[in-house]
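Novice: Numbering of the sequence shown is given in our numbering, commencing with residue 481 and proceeding in unit increments.
Note that CB positions come from ideal geometry on N, CA and C, so glycine has one too.
All figures in this text were calculated on a predicted structure; none of them were measured in a lab.
Please find one structure pasted underneath; my questions will follow.
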Amino acid sequence: MRSHLLNDTTAERYRSSVTEGIERVAAKLAATDRPFTGVTVDALAPAIDAIDLDKPLLDTAAVLDELEDVYLRDAIYFHHPRYLAHLNCPVVIPAVLGEAILSAVNSSLDTWDQSAGGTLIERKLIDWTTARIGLGENADGVFTSGGTQSNLQALLLAREEAKSDSFAKLRIFASEVSHFSVKKSAKLLGLSQDAVASIPVGHDKRMQTVALAHELERCKKDGLVPMAVVATAGTTDFGSIDPLPEIAELCEQFDTWMHVDAAYGCGLLASVKYRGRIDGIERADSVTVDYHKSFFQPVSSSAVLVRDASTLRHATYHAEYLNPKRMVQERIPNQVDKSLQTTRRFDALKLWMTLRTMGADGIGQLFDEVCDLAVEGWQLLAADPRFDVVVEPTLSTLVFRYIPAAVTDPAEIDRANLYARKALFASGDAVVAGTKVQGRHYLKFTLLNPETTAEDIAAVLDLIAGHAEQYLGESLDRAS
């Protein structure tokens, strides 16, 4: 079994095995003509359940053949132009190359003696990102597994900086369409159930700062502590960006930590055309970015950034076997001093390879393309009487629903839209997401693929309308 260990004696086996796998994936990508096969859980589960993991196949080709049947054939392919559902981007080749390298070398980014150059590359990318944001010379940060972890760490720092004598007094303010991880983080941080105050949004799905000011004033009046305001730069459902400059003013006025969740909108940091849409982000105390959403990186690739590097001390613990305190005096850089994680992948390498190959403008141009595409999609929807579209896009998300020509019960319209989404997924012709707006079911396009065209959007809208009309026709038949 030692022949399977990656080392100097198995380098050729490594090369041939990885090449064989890459050839399989490349062939699959080249032949994929729709984002999904439509396979059901009931159809796929028995094949996986039947595999005896205690009986290995002992042959790479055989394992890849099996993998074709249980994964590659039925995987949902985000690179396909009619995958329009969630915040999953197609990935750029330099980042995939970086993934292959980091997996093989397998550096762990917790301590210098496990990563060396990897530590410095990650720190360089953190500095690059904080400079793009404009956080100042004292800024710092660390790579994380994703936006949920980044938000959790940011709010941990905010909790500690609030210096309250009681967690029960702490309050977080976020818009009613902010990411669910804000409330989840509050629970994990030991805050009360009502610790997160949901601030209403306007018709543009942006936080209403008048309402925020009122809630901050009430918080102070009630003897509570405004721990943090979470401003979202790219909401999951609408891609809306909260009014960052106005929120920054209120945070300064009420001495409150400002966190910007830019997991989605961070692509604007590289934008050639639309960078101004996140003006005010430079005034944040902390920022979440997800490179694996709008920098076209493979999962996972995220970071939490802070204006004041010293606040990261709230996540610092020293262990004699790993990162003893003496290493700080010796100026040995250990990233575990900043992170909630200990063992941690060298995910920064993917972004490094991308920037060194394509440059920031190359990434920004791709993100600008999907933002432009969203405008085209919005124009199509606004001009199509079959659909109601919620809001003009700020980033690359469109929320809409099918509306039949005849007057129909709103609940029946809900069911028609749900049916259309499920039927489309089952067909494999396209994948779209769904959400609720004011209690009603809507559909959602999240456009992150520059290869998607307005023609693709129009074709998928026709498919949705066809499925919805089929449902409503069958519903009428049943009713009669």
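Could you please give the first and the last residue of the uninterrupted alpha helix (DSSP H) stretch that includes G445?
Specialist: As displayed, the chain neither begins before 481 nor continues past 960, which places residue 445 out of reach and without an answer.
Novice: Sort S658, D848, L904 and L928 by Cα distance to G518 and report the nearest one.
Specialist: One-based indexing of the sequence shown puts residue 518 at position 38. The residue from S658, D848, L904 and L928 with its alpha-carbon nearest to that of G518 is L904.
Novice: In the DSSP assignment, find the unbroken beta strand (DSSP E) run with Y899 in it and report its ends.
Specialist: Stepping through the sequence shown from its first residue, residue 899 is reached at position 419. Y899 -> not in any beta strand (DSSP E); alpha helix (DSSP H) instead, spanning P890 to S907.
Novice: The alpha helix (DSSP H) spanning M707 covers which residue range?
Specialist: Sequence index remark: in the sequence shown, residue 707 carries index 227 (1-based). Note, M707: premise wrong, no alpha helix (DSSP H); beta strand (DSSP E) at V705 to T712.
Novice: Can you round the beta-carbon distance between A913 and I944 to whole angstroms, since I take them to be within the 8 Å contact cut?
Specialist: Counting from 1 along the sequence shown, the entry for residue 913 is found at position 433. Counting from 1 along the sequence shown, the entry for residue 944 is found at position 464. Not quite, the Cβ-Cβ distance comes to about 12 Å (not below 8 Å), so this is no contact.
Novice: Applying the criterion that 16 or more other CB atoms from any shown protein chain within 10 Å of the CB defines a buried residue, is Y551 buried or exposed?
Specialist: Within the sequence shown, the letter at position 71 stands for residue 551. Exposed is the call here.
Novice: Can you tell me the Cα-Cα spacing of N568 and G703, whole angstroms?
Specialist: Locating residue 568 in the sequence shown gives position 88, where the first residue counts as 1. Locating residue 703 in the sequence shown gives position 223, where the first residue counts as 1. In a straight line, the C-alpha of N568 is about 43 Å away from that of G703.
Novice: Tell me whether the beta-carbon of E546 lies closer than 8 Å to the beta-carbon of A828.
Specialist: Numbered from 1 along the sequence shown, position 66 holds the residue referred to as residue 546. Numbered from 1 along the sequence shown, position 348 holds the residue referred to as residue 828. It is not a contact, given that the beta carbons lie outside the stated cut-off.
Novice: Take the Cβ of K830 as the centre, count every other Cβ of all protein chains shown within 10 Å, and call the residue buried at 16 or more, exposed below.
Specialist: Here residue 830 corresponds to residue number 350 of the sequence shown, with the count starting at 1. That one is buried.
Novice: Whole angstroms is fine: what's the gap from V786's alpha carbon to D620's?
Specialist: For the purposes of this step, residue 786 is taken as residue 306 along the sequence shown, with counting starting at 1. For the purposes of this step, residue 620 is taken as residue 140 along the sequence shown, with counting starting at 1. So the two alpha carbons sit approximately 5 Å from each other.
Novice: What three-state label does DSSP hand A691 in the structure shown?
Specialist: Counted from its first residue, the sequence shown places residue 691 at position 211. Note: A691 maps to helix in three-state DSSP.
Novice: Just verifying my parser: in three-state terms, what is the DSSP assignment at S960?
Specialist: Reading the sequence shown from its first residue, position 480 is the one you call residue 960. The predicted model places S960 with a pLDDT of 48, which falls under 50 and marks its position as unreliable; any figure quoted below should be read in that light. Coil, per DSSP.
Novice: Tell me where the beta strand (DSSP E) around H921 begins and ends.
Specialist: What you label residue 921 is simply residue 441 of the sequence shown in a count that begins at 1. Where H921 is concerned, the enclosing beta strand (DSSP E) stretches over R920 to T926.
Novice: Note down, in chain order, each residue of its chain lying with its Cβ closer than 7 Å to the Cβ of T540, except the 5 sequence neighbours on either side.
Specialist: Against the sequence shown, residue 540 aligns to sequence position 60. Taken in chain order, the residues that qualify are S497 and E500.
Novice: Please classify S960 as buried or exposed, where buried requires at least 16 other C-beta atoms within 10 Å of its C-beta.
Specialist: Position 480 of the sequence shown, counted from the start, is the residue given in the question as residue 960. With a pLDDT of 48 at S960, under the threshold of 50, the predicted position of this residue should be treated as unreliable, though the coordinate-derived value follows. In the assembly as shown, S960 is an exposed residue. Its beta-carbon has fewer than 16 other beta-carbons within 10 Å.
Novice: Check the DSSP bridge columns for T624 and list the partner residues they point to.
Specialist: Along the sequence shown, one-based indexing puts residue 624 at 144. DSSP output for T624 lists S782 as bridge partner(s).
Novice: Between N487, V850 and H484, which has its C-alpha nearest T926's C-alpha?
Specialist: By one-based count along the sequence shown, residue 926 stands at place 446. The shortest C-alpha separation from T926 is found at V850.
Novice: CB-CB under 6 Å to I843, same chain, minus the five flanking residues each way: which ones, in chain order?
Specialist: In the sequence shown, counting from the first residue as 1, residue 843 sits at position 363. These residues qualify, in order along the chain: A750 and F775.
Novice: Which first and last residues belong to the alpha helix (DSSP H) in which D593 is found?
Specialist: As a first step, residue 593 must be located in the sequence shown, where it is residue number 113. Here the alpha helix (DSSP H) through D593 covers W592 to S595.
Novice: Quick check on this structure: which residue in L898, D889 and E762 has the alpha carbon closest to the alpha carbon of N618?
Specialist: The count along the sequence shown starts at 1 and reaches residue 618 at position 138. Answer by Cα proximity: E762.
Novice: From R836 to K701, what distance separates their C-alpha atoms?
Specialist: Residue mapping note: residue 836 aligns to position 356 of the sequence shown, counting from 1. Residue mapping note: residue 701 aligns to position 221 of the sequence shown, counting from 1. Taking the straight line joining both Cα atoms gives about 52 Å.
Novice: Look up F558 in the DSSP assignment and say whether it is helix, strand or coil.
Specialist: Within the sequence shown, residue 558 is the residue found at index 78, counting from 1. F558: coil per DSSP, three-state reduction.
Novice: Going by CA-CA distance only, name the one from D936, V709, C699 and D645 that's closest to A654.
Specialist: What you label residue 654 is simply residue 174 of the sequence shown in a count that begins at 1. Minimum Cα distance to A654 is reached at V709.
Novice: State the CB to CB distance for the pair G598 and F880, rounded to an integer number of angstroms; the pair is presumed to be in contact (CB under 8 Å).
Specialist: As a first step, residue 598 is located in the sequence shown; it is residue number 118 there, counting from the start. As a first step, residue 880 is located in the sequence shown; it is residue number 400 there, counting from the start. With 8 Å as the limit, G598 and F880 do not qualify as a contact, their Cβ atoms being about 44 Å apart.
Novice: Can you say whether K604 is buried or exposed, counting buried as having 16 or more other CB atoms within 10 angstroms of its CB?
Specialist: Position 124 of the sequence shown, counted from the start, is the residue given in the question as residue 604. Its Cβ having fewer than 16 others within 10 Å, K604 is exposed.
Novice: Indicate whether the contact test is met: 3 or more Cβ pairs, each with one atom in the stretch 804-813 and one in the stretch 767-782, closer than 8 Å.
Specialist: no
Novice: Taking only the alpha-carbon atoms, compute the straight-line gap between E954 and A896 and give it to the nearest angstrom.
Specialist: Stepping through the sequence shown from its first residue, residue 954 is reached at position 474. Stepping through the sequence shown from its first residue, residue 896 is reached at position 416. Near 10 Å, if we compare the C-alpha coordinates of A896 and E954.
Novice: Less than 8 Å between the C-beta atoms of V681 and V662, yes or no?
Specialist: Stepping through the sequence shown from its first residue, residue 681 is reached at position 201. Stepping through the sequence shown from its first residue, residue 662 is reached at position 182. Going by C-beta atoms, V681 is not nearer than 8 Å to V662.
Novice: Let me know if G919 comes out buried or exposed under the rule of 16 or more other beta-carbons within 10 Å of its beta-carbon.
Specialist: Along the sequence shown, read from residue 1 onward, the residue named residue 919 stands at position 439. By the 10 Å Cβ count, G919 comes out exposed.
Novice: Return the first residue and the last residue of the beta strand (DSSP E) that V576 is part of.
Specialist: The sequence position of residue 576 within the sequence shown is 96, counting from 1. Counting along the chain, V576 falls outside any beta strand (DSSP E), though it belongs to the alpha helix (DSSP H) covering I573 to V585.
Novice: So, using beta-carbon positions, are R562 and V940 closer together than 8 Å?
Specialist: The residue you call residue 562 lines up with position 82 of the sequence shown. The residue you call residue 940 lines up with position 460 of the sequence shown. In contact: R562 and V940 (Cβ atoms closer than 8 Å).
Novice: Along the chain, where does the alpha helix (DSSP H) that runs through K773 open and close?
Specialist: Sequence index remark: in the sequence shown, residue 773 carries index 293 (1-based). Y771 to S774 is the span of the alpha helix (DSSP H), which, as asked, contains K773.
Novice: For I937, which three-state DSSP category applies?
Specialist: Position 457 of the sequence shown, counted from the first residue, corresponds to residue 937. Residue state, collapsed to three classes: helix.
Novice: Would you mind sorting D770 into buried or exposed? The rule is 16 or more other CB atoms within 10 Å of its CB.
Specialist: In the sequence shown, counting from the first residue as 1, residue 770 sits at position 290. Burial call: buried.
Novice: Report the option in I573, H794 and D909 whose CA atom is closest to the CA atom of T834.
Specialist: Walking along the sequence shown from the start, residue 834 turns up at place 354. Of I573, H794 and D909, the residue nearest in Cα terms is I573.
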